[in-house]
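Take a look at the structure below.
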Amino acid sequence: MKETMRGLNQGNIQNLNRSLLLNLLRREKVCARTALAEHSGLKQATVTHIINDFMNWNLVKEVGLLTGVKGRRSIAISLNTEDLAVAGIRIARQNFSVGLFNLYGEAVMIRRTSIKHGQNAREIMDMVFHAMDKMIRQFPDKKILALGLAIPGPYNRVKGRISVVTEVEGWADIPLKDEFMEHYKIPVIIEEHANAAALAQFWYSKETNNTDVLVYVAFAQGIGAGIVNNGALLTGSTGAAGEIGHTTIDIHGPRCSCGNYGCLEGYCSSITFVKKLNEAFGKKDELTFSDAVLLVRKKDPTAVKLYMEMCDYLSIGIINVINSFNPRAIVIGDEMAHVNPTLMLERVISNVQKRVVPQTMETTSIRLSSYKQDSMVYGAAIIAINDIFQNPAYYFDPEQDPQGTDGTLHSHFRNVRFSL
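The sequence shown runs 161 to 580 under my numbering.
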């Protein structure tokens, strides 16, 4: 009989405790050992032992003194944000972003580059490598521990390839993870756009806890949903869970490049919005998304009407999400959400309230993402940080690597600066 359950050995428990303390440090920013013991429920000796490991790995630093109860002073601990960083990359259909981030998920630098119409996947990959390499060289003293990559889906994590990207040719032929790992020689963690953003929203949300279901809906060049359940991403057997953009809303609708008919994203993405606006004004691809945003904000009646139509279609997708997953919170983000956030949110909530059982709506909040720009590149960084926090010994402890020789960093994954 196939084994389906496994117990926890001492190594597993130690790793869980390490991850717990790292996440506490992330939330508290600066914290004393005694406070970490109190918040975590771990014994003081256990906390001291783990923090000593972290300090030996240069993962945390002592940063001064804190005054506690009865005026007692204790040594403050924080994550090492001076020497350590992660890289985050977001690839979309019409642009990509590269960034460096500290271990709190705060941006050191972000750069966004437009993709010209007609450029294929291989050309885009070369541009991404060039932009990321250039940025890394600007920070020669930073150790880049891991790279997070947020991509449009559907992404098949078993094959390490994007299955299809509407409007762009060639992605299915590129082994993304293999190429990025070969280029940078560090761990590469890949998630679909919405999954990465969902994890970022969950990390920083004060309204949800580890037992809640949070769904992030990406309202952008495509439509996707990232689902966090019990603090973990729901990815599906091959990583394609949450592809609401490729759910059918009209069985007689146009054929999508995914093979389906009447897909949601064909009715309410930013690409569709710009296309319909050009048609409405009798233009031939002359208006850009920036033009469309400006027209809506100037309250052009045609642009506003089309934008509300996009929001109405999005509402259908959100209603299906609520009825499928019964989330505590739905967070809507990315470029279409921020065209006119107030109008978008009012329209969606109004539509959803009319079509969802009232008892369900009582326990479901719908809100706007706190990230106004490039939320996905922040999400890309956070999936990398999350991987480090889940297994820090893998990144820092040479005993975890039988070939380890450098004494500080997992030898398979060298500092990026040595590779460029």
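Glycine included, C-beta positions come from ideal geometry on N, C-alpha and C.
The structure displayed is predicted, hence computed values, not measured ones.
Quiz item: Distance, Cα to Cα, M292 vs I478?
Solution: 35 Å
Practice problem: Report the three-state DSSP secondary structure of L528 (helix, strand or coil). | Solution: strand
Exercise. Find the nearest neighbour of V377 within the set C428, L336, E342, judged by alpha-carbon distance.
Key: C428
Quiz prompt | Endpoints, alpha helix (DSSP H) assigned at A360 | solution = 353 to 364
Quiz item: Per DSSP, what kind of secondary structure is L244 in: helix, strand or coil?
Solution: strand
Quiz item: Just checking, does the region 502 to 515 make contact with the region 547 to 554 on the three C-beta pairs under 8 Å criterion?
Solution: no
Exercise. Please report how far the alpha carbon of P414 lies from the alpha carbon of L424, in whole angstroms.
Key: 11 Å
Quiz prompt | Straight-line Cα distance separating N216 from R527 | solution = 42 Å
Self-check item: Where E469 falls: helix, strand or coil (DSSP)
Solution: helix
Quiz item: Taking just the CA atoms, how far does I349 sit from P461?
Solution: 44 Å
Quiz item: Can the beta-carbon of G308 be found less than 8 Å from the beta-carbon of I542?
Solution: yes
Quiz item: Mapping DSSP to helix, strand and coil, what is N177?
Solution: helix
Quiz item: In chain order, what residues of the same chain lie with their CB nearer than 6 Å to the CB of G382, ignoring the 5 residues before and after it?
Solution: P312, G405, E425, S429
Quiz item: When the distance is taken between beta carbons, is V268 closer than 8 Å to L239?
Solution: no
Practice problem: Would you kindly work out how many angstroms separate the C-alpha atoms of A360 and L394, rounded to a whole number? | Solution: 14 Å
Exercise. Provide the residue(s) that pair with S238 in DSSP beta bridges, ordered along the chain.
Key: K221
Practice problem: Starting from R271, follow the beta strand (DSSP E) in both directions and report where the run begins and ends. | Solution: 267 to 274
Quiz item: Would you call K303 buried or exposed, if buried means 16 or more other Cβ atoms sit within 10 Å of its Cβ?
Solution: buried
Quiz prompt | Residue of A544, R488, T502, S529 minimising C-alpha distance to T520 | solution = R488
Self-check item: Outcome for R250 when other beta-carbon atoms lying within 10 angstroms are tallied against a minimum of 16
Solution: buried
Practice problem: Take A236 as the anchor and find which of D243, H412, G224 has the nearest alpha-carbon. | Solution: G224
Practice problem: Give the straight-line distance between the Cα atoms of L181 and V456, rounded to the nearest whole angstrom. | Solution: 46 Å
Quiz item: Nearest-angstrom Cα distance between M536 and A497?
Solution: 13 Å
Self-check item: Alpha-carbon to alpha-carbon, G419 and S525
Solution: 33 Å
Quiz item: Span of the alpha helix (DSSP H) holding A203?
Solution: Sequence inspection shows Lys at residue 203; the Ala mentioned does not correspond to that position. Careful: K203 lies outside any alpha helix (DSSP H) and carries neither H nor E.
Practice problem: Reducing DSSP to helix, strand and coil, say where R457 ends up. | Solution: helix
Exercise. Please work out which residues of its chain come closer than 7 Å, Cβ to Cβ, to T130, disregarding the five sequence neighbours upstream and downstream, and give them in chain order.
Key: Any question about residue 130 goes unanswered here, given that the chain covers just 161 to 580.
Practice problem: Taking F433 and L454 to be in contact with their CB atoms under 8 Å, please state how far apart those CB atoms are, rounded to whole angstroms. | Solution: Incorrect: roughly 13 Å between the Cβ atoms, too far for contact.
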